Amino acid sequence: MKKQATASRAPSVGWLHRTVTALFATALLSALVPPALAAVIAAGKLEKCVRDGASLEVPIECQEKLIVTVAVENGNTLETEQLEVQLSCVNSPDGQCPCSCNYATDPGCICRDVQDTFTVTLTKSPIYASYPLEYVKSFPGRAIEGIVRTGSGADAGQCEAGALSSNPTCGWIYDKDGDRVEGSQGFCCECGASKTVEDTFGKSDDRIRANVNCDLFGGGLFLGGVPGSAHCLYFDQQWYQGFAVGEAGLRFDLTVRLRTNSSDFTDAGGLEELVLGPSQPYKVSERGLVSAKLLGDLAGYDQLPVLSERYLMVPDPADGDILTMATQRIDEWVLLDKSMVSVSGRECDKAGTSFEAFASQANACGRLPGSCLNGQILDLIDEDNERIAEGRTPLYKLRRYMGGKQLPLDVTDARALRLQLPVDTLGASVVSLDMLGDSVRLVVNSSPARIVSAKVCQFANVECGGFEALTERGYLTAEVENEGYIDAGFTISVHDCSENVREVEARRADIRARSEEEFVFELFVEDDRQVEQRGCNVTVQDSQGQVTDTLRVTFFTNATDYTENIGASRGDENFDGAYDARTDPSCADMCNLLDLICSFVKGCWTRFFLGLLTIGLIIGGIYLLYLSIRRGWCLKAARALGVAATGTKEEREEMRAQTDRRRQKLADMKLSALDMEYAQDRRGGRHGRRRRSSHDLRRARGGTSKGRGRPRASSRRTSRRRLSMEFDLRHTTGGMMGFADTTHPHVPMQMYRTMV
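FYI, our numbering numbers position 418 of the sequence shown as 491, with every residue one higher than the one before it.
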């Protein structure tokens, strides 16, 4: 709901408030005046003595002086008050006037009777909270993610992003020393087995960063390589120089001007200026007529903004000129909390995020493009611009601290880069003046003023009439005109506001004659209600405290729009802590891995193909074991493992030699038995008949014949076959017994030929 602010005038109420404090009872003031904006804290006349330690005698020199202590308030920028000092003589040797010596006849008389008046005015420049800056490093305005399609169906080939790759898809970034910047090669996201199966046979619920199509058939069977994407990091051309911000200090100049018509007072032709400040608090005029000392400042009601936990980001021009940085694009200066900045570049979603954080982010391929790159400087500036366009106070720009006005910073030195924020709060600087004179009086300008207009608006006056309670602040803008013909000081206050409107600190300012000045006050509402009409009084008082004008300003507030957290809800009031966060059963809960029918029916395609693969591996393993047994692979492997596992090489050769010797001995014994049997068979055939038992004949001849004479052919064949088998046994067991090449003395040559 939008309503226009209304204003109504109230009758003027005036009062006169005068206070004079005398700290020195011996002083005789020529006039008593009410306190003005440059309030007189104390005034008096006393004899001031100085003990000089330049010599051993330590003499004391005394002189009567006027001591005036004044408080120069913030906003006292014009000469609206002045001290008038009456002086009878100067340089009196005894401190008495008129002069006790006659300088007309006495050349040594330095005393002069002047009987004149000189004036002293005090002005204070606009006050700024000055923050020292310490350079940290350069930060990119924005980090940008680039995506390169790779693999089947793309022109970039297979994705490469290895830490040691010579030619990664994203390429390498090199530092000034020619070394590779770690992480600048980016990272790759490719179709995995699970994603491929799901995209090929169904719809995948998983995300891949660049939305790569992992359909096996749609990707040409991946003949051009596994589809994927390379994710590279680039930076915007706009960079910012980052500075750490120190503790605030007040920066201002306090000027004491001394004016006289006599050349006896000054050497500057009647005008002399003494400029004081926190860095130079004590000054003395050339003739010693006035000395001014800045004693300090009275504490204000509001504290200065604390920026020591922030970084100042200043746009870096292409030429890097400090003058350009200090005087241009000030509206783009931003203050970021240190928690929002990554100086090392190893943290995601912060200003300064760099290659290493981007390349090593957790679950990189399962996140959306641009993840890890939130919170960049230009993004924050864009957010602030949107807030300003909607009439809301920015969060990061310097305008947040300038009362909604487009104020340039006070750059007094073109070679200096400063961070200075205006201070509009009430405050005063205490100055002590030591003056030669007989008496002093204070003259204050007073002039009528009126409130030209007053309204309550949102930030930058985007929309006027009201604002949202608690969420935003309102800005009350009042224009005040000095209707008089002399410069004067005024106090503008906002008071008597409606319920739950926070109290507003008043302002003090000097306004030139017949001119207008604009004042901005921040309004805070301390409830969340929608109220059609709230209001505050705006009052202007002159230098004497008289009310010159009052205006009632009304405004509305909208109810606070509380937002719910996305993805969150309020808990159940009956919740007892026993809570099962799982909603639907998973495929692993529903189906056994080898239950292909269940996986198929439930649509658990990943589990279905994993089960199918498992069954295939089991069947393949069984078939491989069968072939190994059938073809003797297991036996050969066992022998090889047995030989390999039996000691050193020398030990294995010794064991092999022992085995050969045992085999040789056994073979010789068997051969001797065969030779004897063969010889008996020969003798039986050569000498005719010889009685043998049926058992011997059967054993020697291999038959059952009981005849006499030569052995039957079957017996000879049997013996020859046995001998041949024995020789074959020798050859197959190593051939190292040496009898395949040696003719046995009892074996005929035809037996060897038979064996060969």
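Glycine residues also receive a C-beta, built at the ideal position from the N, C-alpha and C atoms.
All figures in this text were calculated on a predicted structure; none of them were measured in a lab.
Judged by their CB atoms, residue 466 and residue 446 are not nearer to each other than the 9 Å cut-off. By the neighbour-count criterion, in which a residue is buried when 16 or more other Cβ atoms sit within 10 angstroms of its Cβ, residue 304 is buried. Exposure of residue 575 is indicated by the presence of fewer than 16 other C-beta atoms within 10 angstroms of its C-beta.
Here the alpha carbons of residue 326 and residue 420 stand approximately 44 Å from one another. Secondary structure note for residue 675: its alpha helix (DSSP H) is the uninterrupted segment 669-675. Judged by beta-carbon spacing, residue 169 lies beyond the 9 Å limit of residue 192, meaning their Cβ atoms are not closer than that value. Here residue 374 is near residue 578, since their CB atoms are less than 9 Å apart.
DSSP places residue 289 in the coil class of the three-state scheme, outside both helix and strand.
With respect to the C-alpha of residue 511, the residue from 124, 125, 489, 162 having the closest C-alpha is 162.
By the Cβ-count criterion, residue 699 is exposed, with fewer than 16 other Cβ atoms from all chains shown falling within 10 Å of its own Cβ. Less than 9 Å separates the beta-carbon of residue 347 from that of residue 357. By the C-beta criterion, the region 310-324 is judged to be in contact with the region 202-212, since at least 3 inter-stretch pairs fall below 8 Å.
With a cutoff of 9 Å on beta-carbon distance, residue 470 and residue 408 are scored as near each other. One thing to note: residue 158 has its Cβ within 9 Å of the Cβ of residue 190. When secondary structure is reduced to three states using DSSP, residue 133 falls in the strand class.
Residue 406 counts as buried, since at least 16 other C-beta atoms from the protein chains shown sit within 10 angstroms of its C-beta. In the DSSP assignment, residue 739 forms no beta bridge with any residue. Pairing residue 607 with residue 629 gives a Cβ-Cβ distance under 9 Å.
Residue pairing of residue 526 in beta bridges, as defined by DSSP: 552. Cβ-Cβ distances below 7 Å link residue 220 to 283, 302, 304, 442 in the same chain, with the five nearest sequence neighbours on each side left out; the list follows chain order.
With a cut-off of 8 Å on Cβ pairs, the region 172-192 is not in contact with the region 381-389, counting fewer than three such pairs. Residue 584 is bridged by DSSP to 561.
Secondary structure of residue 707 (DSSP, three-state): helix.
As the crow flies, the alpha-carbon of residue 415 is around 16 Å from that of residue 255. Only residues of its own chain outside the window of five on either side were considered, and among them 255, 256, 418, 419 have a CB closer than 8 Å to the CB of residue 429, listed in chain order.
Residue 527 places its beta carbon less than 9 Å from that of residue 624. Secondary structure of residue 592 (DSSP, three-state): strand. The Cβ atoms of residue 631 and residue 542 sit closer than 9 Å to each other. The beta carbon of residue 431 sits closer than 6 Å to the beta carbons of 306, 445 from its chain, once the five residues preceding and following it are set aside; these are given in chain order. In the DSSP assignment, residue 542 falls outside any beta strand (DSSP E), carrying neither H nor E. Straight across, the Cα-Cα distance linking residue 586 with residue 334 is about 26 Å. Within the same chain, and ignoring the five residues on either side of residue 240 in sequence, no residue has its Cβ closer than 6 Å to its Cβ. When the beta-carbon positions are compared, residue 332 and residue 194 come within less than 9 Å of each other.
Here residue 123 is not near residue 502, since their CB atoms are 9 Å or more apart.
Assignment of beta-bridge partners to residue 622 by DSSP yields 613.
Residue 668 is positioned such that its CB atom lies closer than 9 Å to that of residue 684.
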